[in-house]
Amino acid sequence: MKTFIDALPKVELHCHIEGTFEPELMFQLARRNGVELPYDSIDSLREAYAFTKLQDFLDIYYQGMNVLLTEQDFFDLTWAYLEKSHTQQVRHVEIFFDPQGHLPRGVPFSSVVNGIHNALTQAKERFGITSELIMCFLRHLDEEDAIETLNAAAPYKDLVTGIGLDSSELGHPPSKFERVFQQARDQGYRCVAHAGEEGPAQYVREAIRLLKVDRIDHGNNALDDSKLVDELREKQIPLTVCPLSNTRLCVVDHMQNHPIRKMLDLGLCATVNSDDPAYFGGYMTENYNAITQSLGLNKEEIITLAKNGIESSFAPKQRKQALLEELSEYASRN
Ligand code: HPA
Ligand code: ZN
Numbered sequence: 000m001k002t003f004i005d006a007l008p009k010v011e012l013h014c015h016i017e018g019t020f021e022p023e024l025m026f027q028l029a030r031r032n033g034v035e036l037p038y039d040s041i042d043s044l045r046e047a048y049a050f051t052k053l054q055d056f057l058d059i060y061y062q063g064m065n066v067l068l069t070e071q072d073f074f075d076l077t078w079a080y081l082e083k084s085h086t087q088q089v090r091h092v093e094i095f096f097d098p099q100g101h102l103p104r105g106v107p108f109s110s111v112v113n114g115i116h117n118a119l120t121q122a123k124e125r126f127g128i129t130s131e132l133i134m135c136f137l138r139h140l141d142e143e144d145a146i147e148t149l150n151a152a153a154p155y156k157d158l159v160t161g162i163g164l165d166s167s168e169l170g171h172p173p174s175k176f177e178r179v180f181q182q183a184r185d186q187g188y189r190c191v192a193h194a195g196e197e198g199p200a201q202y203v204r205e206a207i208r209l210l211k212v213d214r215i216d217h218g219n220n221a222l223d224d225s226k227l228v229d230e231l232r233e234k235q236i237p238l239t240v241c242p243l244s245n246t247r248l249c250v251v252d253h254m255q256n257h258p259i260r261k262m263l264d265l266g267l268c269a270t271v272n273s274d275d276p277a278y279f280g281g282y283m284t285e286n287y288n289a290i291t292q293s294l295g296l297n298k299e300e301i302i303t304l305a306k307n308g309i310e311s312s313f314a315p316k317q318r319k320q321a322l323l324e325e326l327s328e329y330a331s332r333n
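In numbering that gives the first Met the number 0, the protein residues as written are 0 to 333.
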């Protein structure tokens, strides 16, 4: 199974670029920028990655971001992720970024977007990896701040496919962001939102009803509500599931209890993703391996997950078709 997963053509739909910041690169850029890190070594930084809930992680994630200052930093960060993804046979990526983690620190929108975008362009040329960019709003901040961020993104509209919603979920329901999502949709952005990671099934329902999202990021807790499950199945609303993230953040107690097995059995459109691979112990291949080993998935189920990823992507129709053909060829040869 390991070799089958290694060579499987993959698509990633849920990856925060700031969550791909490996400690080695973080120390390197901190030195380059003269930024002091509150850790004296790579090992002591890694030791801090012991999370018991989402907020534990977010505190460290925002601290890590402080090192990112220039367009070159955002390029280097994104390029490292794309090189790694290329070695894991990732063919298409949809990357999240958090402008509100950067703008208040005085980092211009142009540095963030252009740095990421230039790396994505180079990955298309060198590796044939295609991509879409998704700008997330931090849900612990108020809606007015999200609206200002949407307005600040206007000059870069052509480079940004969609908007998302991330950060601290509990106490910050999707309903808080109804107006900004409406405005973004009116402007032609695709919409996704984190829901049901730590929050209840009701947040997933709100994301669908009020924010009218194209996909749900995570969505695990939707399984608590059978009517919602029926709706997810009937509409085939994609769930971008992140197995290693879920166990690292203790929203799932053990990989053997991971709900992706149940999602598949229920006929839901589940996909596999890495979320914040530098913090959670693995990229796409490690995520596929973890669920395959712990849940005893067979090749057919793995192909279904990979196919769901392609079909749920925001890639143009022709690109999706090419990816589906490559996957089906792979499935028939292996
Ligand atoms: N959940 C919410 N916000 C995030 C995450 C996540 O898993 N990763 C980065 N921001
Ligand atoms: Zn996420």
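Ideal Cβ placement from N, Cα and C applies to all residues, glycine included. Only a predicted model underlies this, so the values are computations on that prediction, with no experimental measurement involved.
Beta-bridge partners assigned by DSSP to A192: I215. Beta-bridge analysis with DSSP links G161 to I133 and R189. Distance from the C-beta of H15 to the nearest heavy atom of the ligand HPA is below 7 Å. The alpha-carbon separation between E233 and E299 amounts to approximately 21 Å. When the five nearest sequence neighbours on each side are left out, the beta carbons in the same chain lying within less than 8 Å of the beta carbon of P172 are those of G198, Q201, Y202 and E205, in order along the chain.
Under the three-state reduction of DSSP output, A183 falls in the helix class. Using a cutoff of 7 Å, the CB of G18 counts as near the ligand HPA, since one of the ligand's heavy atoms is closer than that. With a cutoff of 8 Å on beta-carbon distance, Q99 and L140 are scored as near each other. At least one heavy atom of the ligand ZN lies less than 7 Å from the C-beta of H193.
At least one heavy atom of the ligand ZN falls within 7 Å of the beta-carbon of D165. Using a cutoff of 7 Å, the CB of D274 counts as near the ligand ZN, since one of the ligand's heavy atoms is closer than that. Following the DSSP letters along the chain, one finds L169 in no alpha helix (DSSP H), marked with neither H nor E. Under DSSP, the beta-bridge partners assigned to V89 are K9. With a cutoff of 7 Å, D216 counts as near the ligand ZN, since its C-beta is closer than that to a heavy atom of the ligand. Residue pairing by DSSP places T270 opposite T239 in a beta bridge.
According to the DSSP assignment, A118 belongs to the alpha helix (DSSP H) that extends over F108 to F126.
Selection L267, V34, E147 and E11 evaluated against G63 yields V34 as nearest (Cα-Cα).
DSSP, reduced to helix, strand and coil, places F50 outside both helices and strands of the structure shown, so it counts as coil. Nearest in C-alpha terms to E285, of all of L263, E324 and S84, is S84. Annotated three-state conformation of F313 is coil, per DSSP.
F26 carries a helical assignment under DSSP once its states are collapsed to helix, strand and coil. According to DSSP, residue pairing for F96 in a beta bridge involves M134. Taken from the Cβ of S109, every heavy atom of the ligand HPA lies 7 Å or farther away.
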